[in-house]
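**Q** Encoded as structure tokens, here's the structure I'll be asking about.
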Amino acid sequence: MPTEVVAHAPDLFAVESGPAATVGYLLLDLAAREACVIDVPMGSAERFRELAQQHGVRIRRILLTHTHWDHIADAAALQRATGAPIAVHPADAYRLQDPVELRLWQLPLPFEPVQAQEFLQHGQRLRCGTVWELEVRHTPGHTEGGVCFVDQRRRVVFSGDTLFAGSIGRTDLPGGDLGQLLRSIAEQLLVLPEDFRVYPGHGGPTTIGAERRDNPFLQTAGR
Ligand SMILES: [Zn+2]
Ligand SMILES: [Zn+2]
Numbered sequence: 197m198p199t200e201v202v203a204h205a206p207d208l209f210a211v212e213s214g215p216a217a218t219v220g221y222l223l224l225d226l227a228a229r230e231a232c233v234i235d236v237p238m239g240s241a242e243r244f245r246e247l248a249q250q251h252g253v254r255i256r257r258i259l260l261t262h263t264h265w266d267h268i269a270d271a272a273a274l275q276r277a278t279g280a281p282i283a284v285h286p287a288d289a290y291r292l293q294d295p296v297e298l299r300l301w302q303l304p305l306p307f308e309p310v311q312a313q314e315f316l317q318h319g320q321r322l323r324c325g326t327v328w329e330l331e332v333r334h335t336p337g338h339t340e341g342g343v344c345f346v347d348q349r350r351r352v353v354f355s356g357d358t359l360f361a362g363s364i365g366r367t368d369l370p371g372g373d374l375g376q377l378l379r380s381i382a383e384q385l386l387v388l389p390e391d392f393r394v395y396p397g398h399g400g401p402t403t404i405g406a407e408r409r410d411n412p413f414l415q416t417a418g419r
């Protein structure tokens with residue numbers, strides 16, 4: 197199970213890891229020596245810790261776009277290692293404790309329940325050091341409490357499994373709803389300026405403009 201680290205900027209790293217090739221992100225404030233993690237795929241906790249150590253930063257917060265197993269598998273391990281609080285939308289929190297979720301993946305993998313300490317609300321703004329200011333956007337459809345994180349100044353979106361390059365999140369798992377997902381994408385993401393970069397929970401980055409133009413799933417939602 198290879199883990200791949202990509203530096204998208206000196207203060208933004210992607211860690212792709214686990215059986216579903218899930219991507220988590222490390223956001224750094226090098227001056228303030230602080231960092232945040234967005235999603236914690238299986239096998240990523242050790243990488244996040246190494247990256248933080250290399251850059252002399254402390255991980256202060258663990259943010260979850262949603263609570264499917266592949267995005268939270270190492271959350272308990274990373275929390276133990278860092279003491280950082282875990283933040284999640286309340287509508288997705290139940291799954292953090294629910295090993296039934298694991299059976300959906302039909303994989304003989306360990307499930308370590310974990311508890312959230314912070315609850316995210318639509319419109320809330322979270323700081324990571326002083327260089328990142330993440331606005332929470334509730335984007336249900338892939339899961340009930342899925343969120344995207346938008347940084348207006350950095351012109352980036354962390355989209356979890358809501359929007360991918362050329363695709364959208366699956367809606368066949370419990371809590372999924374295709375109509376709702378398309379509405380969330382149209383109302384919360386496609387309204388952003390074209391040049392905003394999108395960092396999804398699987399695959400490489402894209403832009404709002406590219407998805408508005410070319411994403412085959414958004415032919416009616418985006419216009
Ligand atoms: Zn998911
Ligand atoms: Zn996923």
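In our numbering, the protein residues as written are 197 to 419. Built from N, CA and C at the ideal position, the CB exists for glycine as well.
So, helix, strand or coil for H204, using DSSP?
**A** Counting from one through the sequence shown, the residue named residue 204 turns up at place 8. Strand at H204.
**Q** Report, in whole angstroms, the separation of the C-beta atoms of V253 and L224, which I expect to be a contact under 8 Å.
**A** Here residue 253 refers to the residue found at position 57 when the sequence shown is read from its first residue. Here residue 224 refers to the residue found at position 28 when the sequence shown is read from its first residue. Right, the Cβ-Cβ distance comes to about 5 Å (below 8 Å), so this counts as a contact.
**Q** Give me, in chain order, the residues of the same chain whose beta-carbon lies closer than 6 Å to that of S355; leave out the 5 immediate sequence neighbours on both sides.
**A** Taking the sequence shown and counting its residues from 1, one reaches residue 355 at position 159. C344, V394 and P396.
**Q** Closer than 8 Å is the cut-off here; do at least three beta carbon pairs connect the segment 211-230 with the segment 258-273?
**A** Yes, the segment 211-230 is in contact with the segment 258-273.
**Q** Which full runs of the alpha helix (DSSP H) of 4+ residues lie inside the segment 208-266, going along the chain?
**A** Segments of the alpha helix (DSSP H) lying fully in the segment 208-266: 241-250.
**Q** For the putative contact between R379 and E390, defined by C-beta atoms under 8 Å, what is the C-beta separation to the nearest angstrom?
**A** As a working mapping, residue 379 is identified with position 183 in the sequence shown. As a working mapping, residue 390 is identified with position 194 in the sequence shown. Not really, about 20 Å apart at Cβ, beyond 8 Å.
**Q** Could you name each continuous beta strand (DSSP E) segment of 3 residues or more that falls completely within the segment 327-403, going from the start of the chain to the end?
**A** List check, beta strand (DSSP E) in window: 328-334, 343-347, 352-356 and 393-396.
**Q** What residues does ligand 2 have around it, judged by CB closer than 6 Å to any heavy atom, in chain order?
**A** Answer in sequence order: A216, T218, H264, D266, H267, D357, G397 and H398.
**Q** Tell me, to the nearest whole angstrom, how far the beta carbon of I404 is from that of I381; I am working on the premise that it is less than 8 Å.
**A** As a first step, residue 404 must be located in the sequence shown, where it is residue number 208. As a first step, residue 381 must be located in the sequence shown, where it is residue number 185. Not a contact, Cβ separation roughly 10 Å.
**Q** When DSSP labels each residue in this structure, what does F307 get in the three-state scheme?
**A** Position 111 of the sequence shown, counted from the start, is the residue given in the question as residue 307. Of the three classes helix, strand and coil, the one that applies to F307 here is coil, per DSSP.
**Q** Only counting the same chain, and skipping five residues up and downstream in sequence, which positions put a Cβ closer than 6 Å to that of H262?
**A** Numbered from 1 along the sequence shown, position 66 holds the residue referred to as residue 262. So the list reads D288, T339, G342 and G356, once near-sequence residues are dropped.
**Q** Is any heavy atom of ligand 1 found at a distance shorter than 7 Å from the C-beta of G220?
**A** Locating residue 220 in the sequence shown gives position 24, counting from the first residue. The answer is no for G220.
**Q** On the CB-based measure, 16 or more other CB atoms within 10 Å of its CB, does A231 come out buried or exposed?
**A** One-based indexing of the sequence shown puts residue 231 at position 35. Buried, since its Cβ has 16 or more Cβ neighbours within 10 Å.
**Q** Skipping 5 residues on each side, what residues in its chain have a beta carbon closer than 7 Å to that of H334?
**A** Mapped onto the sequence shown, residue 334 falls at position 138. Cβ neighbours of H334 beyond the five flanking positions: H285, H318 and V343.
**Q** List the whole-angstrom C-beta distance separating T199 from S240, where the pair is believed to meet the contact cut-off of C-beta under 8 Å.
**A** On the sequence shown, position 3 is the one that residue 199 refers to. On the sequence shown, position 44 is the one that residue 240 refers to. With a Cβ gap of about 7 Å, T199 and S240 count as contacting.
**Q** If I measure Cβ to Cβ from L247 and keep anything under 6 Å in the same chain, skipping five residues before and after, which residues do I get?
**A** As a working mapping, residue 247 is identified with position 51 in the sequence shown. Around L247: F209 and L222.
**Q** Consult DSSP for L322 and reduce its assignment to one of helix, strand or coil.
**A** Numbered from 1 along the sequence shown, position 126 holds the residue referred to as residue 322. Strand at L322.
**Q** Determine whether the beta carbon atoms of G220 and V233 lie at a separation below 8 Å.
**A** Walking along the sequence shown from the start, residue 220 turns up at place 24. Walking along the sequence shown from the start, residue 233 turns up at place 37. Yes.
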